[in-house]
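**Student:** Dropping the structure in here first, questions after.
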Amino acid sequence: MIRSPLSRRDVLFGAAGMGLTLATGAHAATDGFLTAADVHVNGYPTVEAVRWIGKQLEERTGGRLRIRVYFAGQLGREGDTVDLTRFGALDITRVNFAALNNPFPLTQLFALPYVFDSVDHMRRVVDGEGGRLVLEGFEQRNLIGLAIYDAGSRSFYNVRRAIHEPQDLQGLKFRVPPSDIFLEMAAALGAEPTPLPFGEVYSALQTHLIDGAENNWRSFQSSRHFEVARYLSRTEHSYSPEALLMSRRTFDALSSDDRELVAATARESVPYMRSLWDRMEEEARQIVLASGVHFNEVDRDAFHKAAAPVLEQYVARTDLRQIYELVRAAA
Ligand code: BDP
Numbered sequence: 258m259i260r261s262p263l264s265r266r267d268v269l270f271g272a273a274g275m276g277l278t279l280a281t282g283a284h285a286a287t288d289g290f291l292t293a294a295d296v297h298v299n300g301y302p303t304v305e306a307v308r309w310i311g312k313q314l315e316e317r318t319g320g321r322l323r324i325r326v327y328f329a330g331q332l333g334r335e336g337d338t339v340d341l342t343r344f345g346a347l348d349i350t351r352v353n354f355a356a357l358n359n360p361f362p363l364t365q366l367f368a369l370p371y372v373f374d375s376v377d378h379m380r381r382v383v384d385g386e387g388g389r390l391v392l393e394g395f396e397q398r399n400l401i402g403l404a405i406y407d408a409g410s411r412s413f414y415n416v417r418r419a420i421h422e423p424q425d426l427q428g429l430k431f432r433v434p435p436s437d438i439f440l441e442m443a444a445a446l447g448a449e450p451t452p453l454p455f456g457e458v459y460s461a462l463q464t465h466l467i468d469g470a471e472n473n474w475r476s477f478q479s480s481r482h483f484e485v486a487r488y489l490s491r492t493e494h495s496y497s498p499e500a501l502l503m504s505r506r507t508f509d510a511l512s513s514d515d516r517e518l519v520a521a522t523a524r525e526s527v528p529y530m531r532s533l534w535d536r537m538e539e540e541a542r543q544i545v546l547a548s549g550v551h552f553n554e555v556d557r558d559a560f561h562k563a564a565a566p567v568l569e570q571y572v573a574r575t576d577l578r579q580i581y582e583l584v585r586a587a588a
């Protein structure tokens, strides 16, 4: 079940309280627990991957370092958890690149429409120099980029009709994550974009505030959006990955051995997360299709063409050029 997300005020108020207990540094310094946030439900691959890191840390430090994961948006929207982490009120957050696009421009490239050709292409890029550059970029803003996880590809789903070509999106309101790229992309494809937090999409579909949204198989299923939106069209327009971020304040308060251990364990969690992802994505696909959701292929070329101006506008930017060249080289 979807929990209603905390209001911004609740989050900031709560954060102030947490901040007081953290005034001298990381949680780990006081009770051994690092706190981590995720908007996904218990059992989602990102939630499980962070739990896995916690278990490894616990074993390898004899219980000195552990992680407590607050899932299902208990600590608020993704953007809010990023702020809490920057200020050191939260130790770790896992968010999608879409939630980082506006405040952290280097994250934009990986969220662009049709910038990757496949999951393998995206994995090669995030594992290489391109991923490293993006992760390092967070340091200027008081965050440590621990890992990039992946999230498959995103496709459009809605309550009204099958989408075959971009013009079928016309007149329909689609929820997009709070990212200018997603807004521009949905508009370029002909939809009416409505930015909303992930936790509000289910009720927005039910009340017809929106006609649809877009996401990957696993999120479509675990959020139960598929119970309301019965048309899923395979646009695969974005492979926007996931970021695992740590508060720089927490990281700096660790001993240098612990810093190395945390960074290495987070890197090791990537293949673990991917094995969970591949299995759960397939399970989600089967659950959705067995429920009778109408699934259709689209005119891929027409979607590429309609989204191309958004891609071109971003890759022309000098700060994104180097990463774009790495993406093309790995294609
Ligand atoms: C999911 C991401 C999650 C985002 C969500 C969204 O895993 O982090 O919050 O999409 O669309 O795929 O907001």
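If you're matching positions, the sequence shown starts at 258 in my numbering and goes up one per residue. From the three backbone atoms N, C-alpha and C, an ideal C-beta is built for every residue, glycine too.
Taking C-beta to C-beta, are Ala346 and Val416 nearer than 8 Å?
**Tutor:** no
**Student:** Using only the heavy atoms of the ligand BDP, determine whether one of them is closer than 7 Å to the beta carbon of Glu493.
**Tutor:** no
**Student:** Which runs of the beta strand (DSSP E), 3 residues or longer, sit entirely within the region 528-581?
**Tutor:** 551-554
**Student:** Is the beta carbon of Asp348 sitting closer than 8 Å to the one on Ala306?
**Tutor:** Judged by their CB atoms, Asp348 and Ala306 are not nearer to each other than the 8 Å cut-off.
**Student:** Any idea if Gly469 is buried or exposed, counting beta-carbon neighbours within 10 angstroms, 16 or more meaning buried?
**Tutor:** buried
**Student:** Using a threshold of 7 Å, is the CB atom of Pro360 nearer than that to any non-hydrogen atom of the ligand BDP?
**Tutor:** Outside the cutoff, so no.
**Student:** Tell me the residue span of the beta strand (DSSP E) that contains Glu499.
**Tutor:** 499-504
**Student:** Apart from the five residues on each side of it in sequence, which residues of its chain come closer than 7 Å, Cβ to Cβ, to Ser548?
**Tutor:** Phe483
**Student:** Establish whether the CB of Ala404 and some CB of chain D are separated by less than 8 Å.
**Tutor:** Within the model displayed, chain D is absent; a lone protein chain is all it includes.
**Student:** State the beta-bridge partners of Ala404 as determined by DSSP.
**Tutor:** Leu501
**Student:** Along the chain, where does the alpha helix (DSSP H) containing Arg398 start, and where does it finish?
**Tutor:** For Arg398, there is no enclosing alpha helix (DSSP H), since its DSSP letter is neither H nor E.
**Student:** Would you kindly work out how many angstroms separate the C-alpha atoms of Ile401 and Ala448, rounded to a whole number?
**Tutor:** 36 Å
**Student:** In angstroms, rounded to a whole number, what distance separates the CA positions of Ala368 and Trp534?
**Tutor:** 19 Å
**Student:** Going by the beta-carbon positions, is the gap between Arg410 and Ser532 smaller than 8 Å?
**Tutor:** The sequence shown places Ser at residue 410, not Arg. The answer is no: Cβ separation not under 8 Å.
**Student:** Could you say which of Arg524, Arg516, Arg418 lies nearest to Ser490 if we only look at CA atoms?
**Tutor:** Arg418
**Student:** Residues in the same chain with beta-carbon distance under 7 Å from Lys430, minus the five sequence neighbours each way, listed in chain order, please.
**Tutor:** Glu449, Thr451, Ile467, Asp468
**Student:** Using the beta-carbon count (16 or more within 10 Å), is His465 buried or exposed?
**Tutor:** exposed
**Student:** Just checking, does the region 561-571 make contact with the region 324-336 on the three C-beta pairs under 8 Å criterion?
**Tutor:** no
**Student:** For the beta strand (DSSP E) that contains Glu493, what are its first and last residues?
**Tutor:** 488-495
**Student:** From Arg629 to Leu511, what distance separates their C-alpha atoms?
**Tutor:** Residue 629 falls outside the range modelled here, since the chain spans only 258 to 588, and no answer is possible.
**Student:** What residue does the beta strand (DSSP E) around Gly469 start on, and which one ends it?
**Tutor:** 469-472
**Student:** How would you label His551, buried or exposed, when you count the other beta carbons within 10 angstroms and need 16 or more for buried?
**Tutor:** exposed
**Student:** Below 8 Å, can you find three or more Cβ-Cβ pairs linking the region 517-532 to the region 385-393?
**Tutor:** no
**Student:** Beta-carbon within less than 6 Å of Ala641's beta-carbon, same chain only, minus the 5 sequence neighbours each way: which residues are those?
**Tutor:** Because the chain is modelled from 258 through 588, residue 641 falls outside the range shown and cannot be assessed.
**Student:** CB of Ala368 to nearest heavy atom of the ligand BDP: below 7 Å?
**Tutor:** no
**Student:** At a cut of 8 Å, does the region 452-461 reach the region 369-385 through at least three beta carbon pairs?
**Tutor:** no
**Student:** Taking the continuous alpha helix (DSSP H) assigned at Ile324, which residues delimit it?
**Tutor:** Not the alpha helix (DSSP H): Ile324 falls in the beta strand (DSSP E), residues 323-327.
**Student:** Is it the case that the Cβ atoms of Leu357 and Thr350 are separated by a distance below 8 Å?
**Tutor:** no
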